[in-house]
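S.K.: Numbering of the sequence shown is given in the numbering used here, commencing with residue -13 and proceeding in unit increments. Virtual Cβ for every residue (Gly too), placed ideally from N, Cα, C. Just so you know, these numbers come straight off a predicted model, no measurement behind them.
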Amino acid sequence: MSAPFPNESTSGIHIPGLQFSPENYAAQLGEKASAVTAGFASLAMPEFTIFASPPLHFRMRAEFRIWHDKHSEPQRCHYAMFERNAPRTPVEITHFPIACKAICEVMAPLLEKINACPMLAAKLFQVEFLASSSGEVVATLIYHRQLDAAWQTKAKALEQQLNIAIIGRARKQKIVLSRDYVIETIEVNGRSFQYEQKENSFTQPNAAINRDMITWVSQYLATPNQYSTSLSDFIELYCGNGNFTLPIAQYFRRAIGTEISKTSIASAQRNCQLNQVENIEFIRLSGAETASALQREREFRRLRHIELDSYAF
């Protein structure tokens, strides 16, 4: 469980568009577990394994609109979210306790620096955060204008002051000042796996639950059963950056991961190198394309180097 910041209350917290009551999380989880279990009562199901999320500071990503208050003196901008029934009325966000501590700690200093620098504030309309469990943070500043060398100079200074990575985005423009990823480390059954998690691509947002999911699958496969054997192979569709593929591959002879995102495929290949995993092939295919290839309905140039007939899925 992630402890709140000093003097941080867990009651009375309101987040626009969400029903958030961390003080009631245990009861809510129990109700959900009971409802799901009851829904499968007519089937011969194994006992469910329930994992509890930290009730606070569990999310490794966050994004906010930036709202410019033209009536304040001096003019300032702030983070904003919106209620579902009032999508045009911004609600100022000064505290976001579902975000991990690294994001929470950088939100206010970043906004203060932006408000103090017209070059950074001008036509800024969104900020996105990505963090790792070790405290790395990437902040993406998204603008309704093109970014120039003057912006890069100011943003680079800000990056160094806050010890984070900053990316600038605008229409048909992406400026990476240092890096556009964080490295997440996940312990699975006594082994550490490192993952490159890139900005603007999908990664599991709840690091604790992600670790629990991977560990659960790995422990199941580590126990001899009909699905895991060093003589068989496995294929994972929509594998992302290899989040599950890498730890699972050790229980099989070979593995194939398919994914439609070029960015995720590149990260998956990089993650194989980081973790010295050599029995996985990552290929850019959709689910429908993968099914077509497995049924030998169509040949793909992206599969020319792979002999599907040699795999035992």
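How many Å lie between residue 120 and residue 66 at the Cα?
M.R.: Each residue's alpha carbon lies about 27 Å from the other.
S.K.: On the CB-based measure, 16 or more other CB atoms within 10 Å of its CB, does residue -11 come out buried or exposed?
M.R.: A caution first: residue -11 carries a pLDDT of 38, below 50, which makes its placement in the model too unreliable to give a value.
S.K.: What's the gap between the Cα of residue 54 and the Cα of residue 60?
M.R.: Cα to Cα, residue 54 sits roughly 11 Å from residue 60.
S.K.: Go ahead and label residue 102 buried or exposed: buried means 16 or more other beta carbons lie within 10 angstroms of its beta carbon, across all protein chains shown.
M.R.: Answer is exposed; the Cβ neighbour count stays below 16.
S.K.: Where does the unbroken beta strand (DSSP E) through residue 178 begin, and where does it stop?
M.R.: Its beta strand (DSSP E) spans residues 177 to 184.
S.K.: State yes or no: is the C-beta of residue 185 within less than 8 Å of the C-beta of residue 153?
M.R.: Contact flag set, yes.
S.K.: Taking only three categories from DSSP, how would you classify residue 145?
M.R.: DSSP places residue 145 in helix when its eight states are reduced to three.
S.K.: Taking buried to mean at least 16 other C-beta atoms within 10 Å of its own C-beta, is residue 50 buried or exposed?
M.R.: By the neighbour-count rule (16 or more Cβ atoms within 10 Å), residue 50 is buried.
S.K.: Work out the CA separation of residue 227 and residue 189 for me, nearest whole Å.
M.R.: Those two C-alpha atoms are separated by around 8 Å.
S.K.: Pop quiz: residue 131 and residue 172 are said to be a contact at Cβ under 8 Å. What is the actual Cβ separation, rounded to whole angstroms?
M.R.: The pair is not a contact, with the Cβ atoms about 38 Å apart (cut-off 8 Å).
S.K.: Answer yes or no: do residue 48 and residue 89 have a C-beta to C-beta separation smaller than 8 Å?
M.R.: Cβ distance < 8 Å, so residue 48 and residue 89 count as in contact.
S.K.: So, using beta-carbon positions, are residue 205 and residue 261 closer together than 8 Å?
M.R.: Going by C-beta atoms, residue 205 is not nearer than 8 Å to residue 261.
S.K.: On a Cα-Cα basis, can you pick out the residue from 123, 158 and 230 that is closest to residue 149?
M.R.: Here the closest residue by C-alpha is 123.
S.K.: Which residues bound the alpha helix (DSSP H) around residue 30?
M.R.: Looking at the DSSP string, residue 30 is not in any alpha helix (DSSP H), and its letter there is neither H nor E.
S.K.: Nearest CA to the CA of residue 287: which residue from 295, 269 and 274?
M.R.: Checked all of 295, 269 and 274; the closest Cα to residue 287 is 269.
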